[in-house]
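The structure appears below as structure tokens.
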Amino acid sequence: MAVSDHLLRDLAPIPSRAWKEIDDEARARLTPLLAARRVVDYSDGGGWGADSLSLGRTDDLPSPPDGVPGDQVRLRRRRVAPLAEVRVPFTVDRSAIEDIERGDPAADLADLERAARLAAEVENRAVFHGWGAAGITGIADSSPYPAVGLGTEPTAYAGIVARAADTLRCRGIEGPYTLVIGPEGYTRIVETTEHGGFLLVDHLARITGGRVVWAPGVRGAVLLSERGGDFVLRVGQDLSVGYVDHDADTVRLYLEETFTFRVLEPDAAVALSAAG
40 MAVSDHLLRD LAPIPSRAWK EIDDEARARL TPLLAARRVV DYSDGGGWGA
90 DSLSLGRTDD LPSPPDGVPG DQVRLRRRRV APLAEVRVPF TVDRSAIEDI
140 ERGDPAADLA DLERAARLAA EVENRAVFHG WGAAGITGIA DSSPYPAVGL
190 GTEPTAYAGI VARAADTLRC RGIEGPYTLV IGPEGYTRIV ETTEHGGFLL
240 VDHLARITGG RVVWAPGVRG AVLLSERGGD FVLRVGQDLS VGYVDHDADT
290 VRLYLEETFT FRVLEPDAAV ALSAAG
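Each residue of the sequence shown is one higher than the one before, starting from 40 at the first, in this note's numbering.
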């Protein structure tokens with residue numbers, strides 16, 4: 040996990056061995072949950088001090104500073120997307136910290152598991168469904184195609200996904216294509232065997248030329264191109280564990296990140312709604 044001074048970790052009553060266990064557990068929990076990072080262009084850098092993502096565009100300013108002749112200068116303001124801060128609190132019992140120091144390989148970090156899932160869902164939902172308050176438009180919301188009903192009958196998924204892939208091809212969007220789907224739909228897919236004994240998940244991978252990705256926080260599904268250059272997730276402070284305070288029994292910590300997301304090519308994805 041990334042570490043920054045503002046996280047105040049040095050003030051926590053947590054020895055180095057326990058910090059390593061907490062960081063390792065957070066990483067292990069987060070890695071499979073952060074689905075968006077696996078299918079869009081991901082970049083990080085700048086840490087906690089990074090404030091924004093340049094959009095590469097400008098707005099004209101109507102007038103110069105007082106006393107400067109406006110007809111002799113051209114004035115612009117650069118556009119940026121500010122990074123949003125996400126902080127998810129969780130607690131660790133001091134007894135669990137002591138267990139780790141004694142060598143317990145299965146100390147109770149259950150609240151960290153909850154926080155990791157919530158943090159990942161925030162990021163996934165922002166990428167795929169947007170976050171208006173943070174100025175983020177999601178992939179599904181930006182897609183120009185009518186939303187296709189996916190439904191709950193997995194035997195129909197192959198035809199629906201094939202038509203969605205054809206929609207992208209007809210717009211000149213190259214593959215491979217990946218189906219990103221919420222947990223309920225993913226479970227239906229992996230549990231379904233088609234006529235002839237073929238697994239549905241394998242059939243969908245052949246149709247798309249890509250993958251089927253389990254994505255907590257996603258409503259329905261999204262079929263998107265992974266050719267690159269269409270969707271950008273920018274992270275400043277990557278998900279890290281910080282310290283709040285403690286008492287005799289409990290240490291209060293948090294998971295934190297800063298990020299924003301930008302859709303560069305709305306045509307590169309088809310939204311598949313949960314409704315049939």
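The C-beta atom is built at its ideal place from N, Cα and C for all residues, glycine as well. Every value quoted in this text rests on a predicted model; they were computed, and no experiment measured them.
Among A89, A197 and G248, the one whose alpha carbon lies nearest that of Y216: In terms of CA proximity to Y216, G248 leads the group A89, A197 and G248.
Coil, strand or helix - Y184 by DSSP: Assigned with DSSP and collapsed to three states, Y184 falls in coil, not helix or strand.
Straight-line gap, R245 to A197 (C-alpha atoms, nearest Å): Their backbone Cα atoms lie some 10 Å apart in a straight line.
Under the three-state DSSP convention, the category E137 falls into: Looking at E137 - three-state DSSP - the assignment turns out to be helix.
For L262 and A204, the rounded distance between their alpha carbons: Spanning the two alpha carbons is a distance of roughly 7 Å.
Cα-Cα separation, E304 to R68: Straight-line Cα distance between these residues: approximately 31 Å.
DSSP three-state assignment for R266, whether helix, strand or coil: Residue state, collapsed to three classes: coil.
The segment 271 to 278 in contact with the segment 80 to 95 per 3-pair CB rule at 8 Å: The segment 271 to 278 is in contact with the segment 80 to 95.
Cβ shell of E60 (< 6 Å), same chain only, five flanking positions each side left out: Here E60 has I139 as same chain residues with Cβ atoms under 6 Å from its own Cβ, once five neighbours each way along the sequence are excluded.
Helix, strand or coil at V166 according to DSSP, with G and I counted as helix: In the three-state reduction of the DSSP assignment, V166 falls in the helix class, which pools H, G and I.
Pair within 8 Å by beta-carbon distance, G190 and R266: It is not a contact, given that the beta carbons lie outside the stated cut-off.
Residues that DSSP places opposite V251 in a beta bridge: Its beta-bridge partners are L218.
Three or more C-beta pairs below 8 Å linking the segment 112 to 132 and the segment 93 to 101: By the Cβ test, the segment 112 to 132 is in contact with the segment 93 to 101, since at least three Cβ pairs between them sit closer than 8 Å.
Reduced DSSP secondary structure (H/G/I, E/B, other) of D110: Annotated three-state conformation of D110 is helix, per DSSP.
Euclidean distance between Cα positions of G224 and L311: Cα to Cα, the separation comes out at about 11 Å.
For D63 and A173, the rounded distance between their alpha carbons: Going by C-alpha positions, A173 is about 29 Å away from D63.
Unbroken alpha helix (DSSP H) run spanning V78, endpoints: First-last of the alpha helix (DSSP H) with V78: A75 to V78.
Three-way DSSP call (helix, strand, coil) for E64 in this model: Residue state, collapsed to three classes: helix.
Which of helix, strand or coil DSSP assigns to S93: In this structure, S93 counts as strand in the three-state DSSP scheme.
DSSP bridge partner residues for D361 (one or two, in chain order): The question about residue 361 has no answer, for the chain in this structure spans 40 to 315.
Assigned secondary structure, T194 (DSSP; H/G/I helix, E/B strand, else coil): DSSP places T194 in helix when its eight states are reduced to three.
Beta-carbon proximity of D80 to V271, cut-off 8 Å: By the CB criterion at 8 Å, D80 and V271 fall inside the cutoff.
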